[in-house]
Ligand SMILES: *Cc1c(COP(=O)(O)O)cnc(C)c1O
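Residue numbers (our numbering): 42 to 407.
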């Protein structure tokens, strides 16, 4: 009959998924390009992490430790956790996918928020389940809207805290209230990819809540403040039963040896991390003030990026600003796919790039 019968066909729904599109990297014809589109750190990783990575090059013929013990123990020591409740993955992306494939199936619903990270939607669909999108309130996650969307089919709730691309956060009292109101079989996934950058008394990444409940997990990454995005290192802190279930379906060697070594060295170098956080805090404040000084609206950010909103005026919209900046070598992130058609997200970059973007936008808006 149809030719489709003569070739392998993906499961229903897979071809309806729009593949994740990473931040742009290139500005054709521009000599010096600053990539400010993927929230990578401008400072690179700790020199100790680079050294550990180089040392690992001498043993590439050997399989890595399938339990990533060195890395799990280094993380556990840093945060005072039990290493048995930590699982490492090839980026937190892998762990989010594993969670979906372990806990979701056809007929299940996963709640994601209006401006939530696109990976949640992709992995929910990939598991055959249905994403249910809940409105946010002025780029802030709305816990009451999430609770109102819970149905008997709900199995999972995803919150990026802080959010990307919003840069806003949910206070710990609201997270606790959400957890207390969710049925026990619904998993609350706290994606705390930017937790290290947050300096607010009413923020918690989720460690305490995971420790004291059975349905909360927290994911973290080495891709942002630790500067190891290329190595793909993420971790999840979760109750033992959830770690056990995920361990059954993960790849036996999902972490590579150079990543294990470099990650452990990076997290032990807390002084380097503190320097990266300080640099970032200084520039988040300066960038926010500068863009607001140009008359742009900026969503207040506790992360390493700012969400800049453009006027709804011909020639001054986000798409035009994006083009203008790209021609000058500044690559920001268009966030239309995240529900912000007239905004750009800018990662804190090296000083000359931060200053360059401010000056370029001044010219653009003039
Ligand atoms: C960058 C980011 C991550 C990190 O993903 P990795 O796979 O660990 O690189 C996770 N969640 C959000 C919201 C992010 O922005």
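Built from N, CA and C at the ideal position, the CB exists for glycine as well.
Note that the coordinates shown come from a computational prediction; the quantities given were computed from them, not determined experimentally.
Could you spell out where the alpha helix (DSSP H) holding residue 103 opens and where it closes?
One-based indexing of the chain shown puts residue 103 at position 62. Here residue 103 belongs to no alpha helix (DSSP H), and DSSP marks it neither H nor E.
The region 333–342 touching the region 136–153, judged by at least three CB pairs closer than 8 Å:
No: the two stretches stay apart, fewer than three of their Cβ pairs being nearer than 8 Å.
Report the three-state DSSP secondary structure of residue 246 (helix, strand or coil).
As a working mapping, residue 246 is identified with position 205 in the chain shown. Reduced to three states, the DSSP call for residue 246 is coil.
Ordered along the chain, which non-local residues of its own chain (more than five positions away) have a Cβ less than 6 Å from that of residue 304?
Taking the first residue of the chain shown as 1, we reach residue 304 at position 263. Excluding residues within five positions, the ones whose Cβ falls inside 6 Å are 112, 263 and 274.
Determine the burial state of residue 196: buried for a count of at least 16 other Cβ atoms within 10 Å of its Cβ, exposed for fewer.
Residue 196 sits at position 155 when you count from the first residue of the chain shown. Its Cβ being crowded by 16 or more others within 10 Å, residue 196 is buried.
Go ahead and label residue 119 buried or exposed: buried means 16 or more other beta carbons lie within 10 angstroms of its beta carbon, across all protein chains shown.
Here residue 119 corresponds to residue number 78 of the chain shown, with the count starting at 1. Within a 10 Å sphere around the beta-carbon of residue 119 sit fewer than 16 other beta-carbons, which makes this residue exposed.
Going by DSSP, what residue range makes up the alpha helix (DSSP H) through residue 150?
In the chain shown, counting from the first residue as 1, residue 150 sits at position 109. Residue 150 -> not in any alpha helix (DSSP H); beta strand (DSSP E) instead, spanning 150–154.
Could you tell me the alpha carbon to alpha carbon distance between residue 396 and residue 256, rounded to whole angstroms?
Translated into positions along the chain shown, residue 396 becomes position 355. Translated into positions along the chain shown, residue 256 becomes position 215. Looking at the two C-alpha atoms, the distance is approximately 44 Å.
Residue 346 to residue 80 span [Cα, whole Å]:
Numbered from 1 along the chain shown, position 305 holds the residue referred to as residue 346. Numbered from 1 along the chain shown, position 39 holds the residue referred to as residue 80. Between the C-alpha atoms of residue 346 and residue 80 there is a straight-line separation of about 6 Å.
Fully enclosed by the region 152–182, which beta strand (DSSP E) runs are 3 residues long or longer?
Segments of the beta strand (DSSP E) lying fully in the region 152–182: 171–175.
By alpha-carbon positions, which one of 238, 134, 331 and 378 ends up nearest to residue 318?
Taking the first residue of the chain shown as 1, we reach residue 318 at position 277. For the residues 238, 134, 331 and 378, the minimum Cα distance to residue 318 belongs to 238.
Buried versus exposed call for residue 104 [16 or more other C-beta atoms within 10 Å across all chains shown]
In the chain shown, the residue the question calls residue 104 occupies position 63. Looking at its Cβ environment, which holds fewer than 16 other Cβ atoms inside 10 Å, residue 104 is exposed.
Which class does residue 385 belong to by DSSP, given the choice of helix, strand or coil?
Walking along the chain shown from the start, residue 385 turns up at place 344. Strand, per DSSP.
Just to confirm, is the Cβ distance from residue 423 to residue 406 under 8 Å?
In the structure displayed, the chain extends from 42 to 407; residue 423 sits before or after that span and is not available.
Residue 389 to residue 326 span [Cα, whole Å]
Residue mapping note: residue 389 aligns to position 348 of the chain shown, counting from 1. Residue mapping note: residue 326 aligns to position 285 of the chain shown, counting from 1. Their backbone Cα atoms lie some 10 Å apart in a straight line.
Using only alpha-carbon positions, find the residue among 320, 57, 174 and 140 that is nearest to residue 231.
Working through the chain shown from its first residue, we reach residue 231 at position 190. Checking every option, the nearest Cα to that of residue 231 belongs to 140.
Under the three-state DSSP convention, the category residue 42 falls into:
As a working mapping, residue 42 is identified with position 1 in the chain shown. Because residue 42 carries a pLDDT of 48, less than 50, the predicted location of this residue cannot be relied on, and the following value inherits that uncertainty. Residue 42 falls in the coil class under three-state DSSP.
Using only the heavy atoms of ligand 1, determine whether one of them is closer than 7 Å to the beta carbon of residue 207.
By 1-based counting over the chain shown, the position of residue 207 is 166. The answer is no for residue 207.
Using DSSP's beta-bridge definition, name the partner residues of residue 22.
Residue 22 is absent from the structure shown; the chain starts at 42 and stops at 407.
Kindly list the residues whose CB is nearer than 7 Å to the CB of residue 192, restricted to its own chain and excluding five residues on each side of it in sequence; keep chain order.
As a first step, residue 192 is located in the chain shown; it is residue number 151 there, counting from the start. Result list for residue 192: 150, in chain order.
According to DSSP, is residue 406 helix, strand or coil?
If you number the chain shown from 1, residue 406 lands on position 365. Reduced to three states, the DSSP call for residue 406 is helix.
Could you please go through the chain and list the residues whose beta-carbon is closer than 5 Å to any non-hydrogen atom of ligand 1?
Selection output, chain order preserved: 132, 133, 134, 158, 201, 205, 232, 234, 262, 264 and 275.
Is it the case that the Cβ atoms of residue 89 and residue 306 are separated by a distance below 8 Å?
Numbered from 1 along the chain shown, position 48 holds the residue referred to as residue 89. Numbered from 1 along the chain shown, position 265 holds the residue referred to as residue 306. Pairing residue 89 with residue 306 gives a Cβ-Cβ distance under 8 Å.
Could you tell me which uninterrupted beta strand (DSSP E) segments, each at least 3 residues in length, are contained entirely in the region 281–317, listed from first to last along the chain?
Entirely contained in the region 281–317, not one beta strand (DSSP E) run reaches 3 residues.
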